[in-house]
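First up is the structure itself, then whatever we jot down about it.
Numbering (the numbering used here), first residue to last: 181 to 511.
What follows is the structure, encoded as C-alpha cells:
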C-alpha cells in the first residue's frame, strides 16, 4: 500500500485526497498547504492528517512513496524540481498542465529522467468513456481517413470583471487554465499537429484572454480547429465536444454521448448511425467522487506505482501540451 501525501489542499487536492483514501481503504494522513486559511479548513476536514505549511519540511521528515501535487500551475515546476533535488526516487502525480511554459516543462522533464520515481500528469479526459471509445473507433478506421475536425471546450464562468485567479496574468488565462484538457485530447486522438495558428480575445478580462481559436494542420493532411472559452452562455457545466469528418462517415463525441455515422460497414460497426451514451459504455468504478474518470486516473497512478512502470500520460507526454500551448500563443 502506497504512502501518499497531498501538496495543495484546494478543491482538486481534497478531491484526490478523498479518492486515494477510498481506493486504498486508508485515509491520507499527510498534506501540505501554504495558505493558512486552507490549512485550517483542511485540518477540520481531515482531522487525522498532519498538515504541514512547507512541503519541503514534510518531504524531509516523512517516509513517502509518492506526492500528489494540486497547487496552482505557476508553482508546479518549482515544487517538482525541489522534490527531484531532495528526494529523486519519490513518485509524483501532478494535476494538469505540467508547467506554465514549455521551457519549464522541458526543464522538469529533463530532471525527471534522472529519477527512479513514477511521474504522471492528470489529464482525466483520457479516462472518459466516450472519448476513449471514440479514439478506438477512429484508430480502427471506422470512418475511413479523417480529413477535418472541429472541437471546443466551453464554459459559462466569466462575464464581468471580478477578483480572483482567473483575472491575474500569472495564471495564464483560459488557454492555460482550460486549454490543456482539449489540446491533450486532440494530441491523444490525432497525434501532434505540424502547424498551428491562434487568435485570442480579451472580452472581459484586462490581463488575460477569455477566448482562443486555433487552427491546426497535421502530417496526415488532417485539418481542424479548437475553440476554448470560459465566457460563453448556457454552459452550466463545462462542455467538451469533437466532431470528425472522414472518408467513410462522421463522428461526434462529447462527455455525454458518442454518435457515429458510417456510409459503409466499418471494422467494428455496420453501416448506419450508432449512438452510444456514457452510462452504457462507462466502466464501473469502486468509488464515486467527482466524475468517474477522476477515480480511473487515480487507479492508474496506483497501478503504475505497484508495477513500477511509467503510465502513458507521463511528464514526457505532458510536455507536448505545453509545447503546443506556447506555439499557439506565439502565433
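We put the beta carbon where it would ideally sit given N, CA and C, even for glycine.
Check, Outcome
"Among 277, 472, 306 and 201, whose alpha-carbon lies nearest the alpha-carbon of residue 228?", "201"
"Taking the Cβ atom as the reference point for each residue, do residue 505 and residue 355 lie within a distance shorter than 9 Å?", "yes"
"Measure the Cβ-Cβ separation of residue 406 and residue 469 and say whether it is below 9 Å.", "no"
"I'd like the ranges of any beta strand (DSSP E) spanning at least 3 consecutive residues and lying wholly in the segment 248-282.", "271-275"
"Use the C-beta contact count for residue 320: other C-beta atoms within 10 angstroms, 16 or more gives buried, fewer gives exposed.", "exposed"
"Buried or exposed, going by whether 16 or more other CB atoms sit within 10 Å of the CB of residue 251?", "buried"
"Do residue 271 and residue 485 have their CB atoms nearer than 9 Å?", "yes"
"Just the Cα atoms here: how many angstroms apart are residue 218 and residue 189?", "7 Å"
"Report yes if the CB atom of residue 447 is closer than 9 Å to the CB atom of residue 462, and no otherwise.", "no"
"Check this for me: beta carbons of residue 263 and residue 248, under 9 Å apart or not?", "no"
"What residue from 498, 397 and 368 has the CA that sits closest to residue 377's CA?", "397"
"Beta carbon of residue 456, beta carbon of residue 438: below 9 Å?", "yes"
"Looking only at its own chain, which residues have a Cβ that is under 8 Å from the Cβ of residue 436, when we skip the five neighbours before and after it?", "310, 457 and 458"
"Skipping 5 residues on each side, what residues in its chain have a beta carbon closer than 8 Å to that of residue 327?", "401, 402, 403, 425, 426 and 427"
"Taking DSSP as the reference, what is the three-state secondary structure of residue 487?", "helix"
"Nearest CA to the CA of residue 197: which residue from 493, 467 and 490?", "467"
"Which whole-angstrom value describes the C-beta separation of residue 423 and residue 330, a residue pair presumed to lie in contact below a C-beta threshold of 8 Å?", "5 Å"
"Classify residue 226 as buried or exposed, calling it buried when 16 or more other Cβ atoms lie within 10 Å of its own Cβ.", "buried"
"Using CA coordinates, which residue listed in 372, 384, 361 and 325 is at the minimum distance from residue 347?", "384"
"Just list the residues that DSSP pairs residue 439 with in beta bridges.", "432 and 455"
"Grouping DSSP H, G and I as helix and E and B as strand, with all else coil, what is residue 183?", "coil"
"Taking only three categories from DSSP, how would you classify residue 330?", "strand"
"With 9 Å set as the bound, which would you pick, yes or no: does the beta-carbon of residue 208 sit closer than that to a beta-carbon of chain D?", "Among the chains of the structure shown, chain D does not appear; only one protein chain is present."
"Is the Cβ-Cβ distance between residue 502 and residue 278 less than 9 Å?", "yes"
"Applying the 10 Å Cβ sphere with the 16-neighbour rule, what's the burial state of residue 491?", "buried"
"Looking at residue 367 and residue 488, is the spacing between their C-beta atoms short of 9 Å?", "no"
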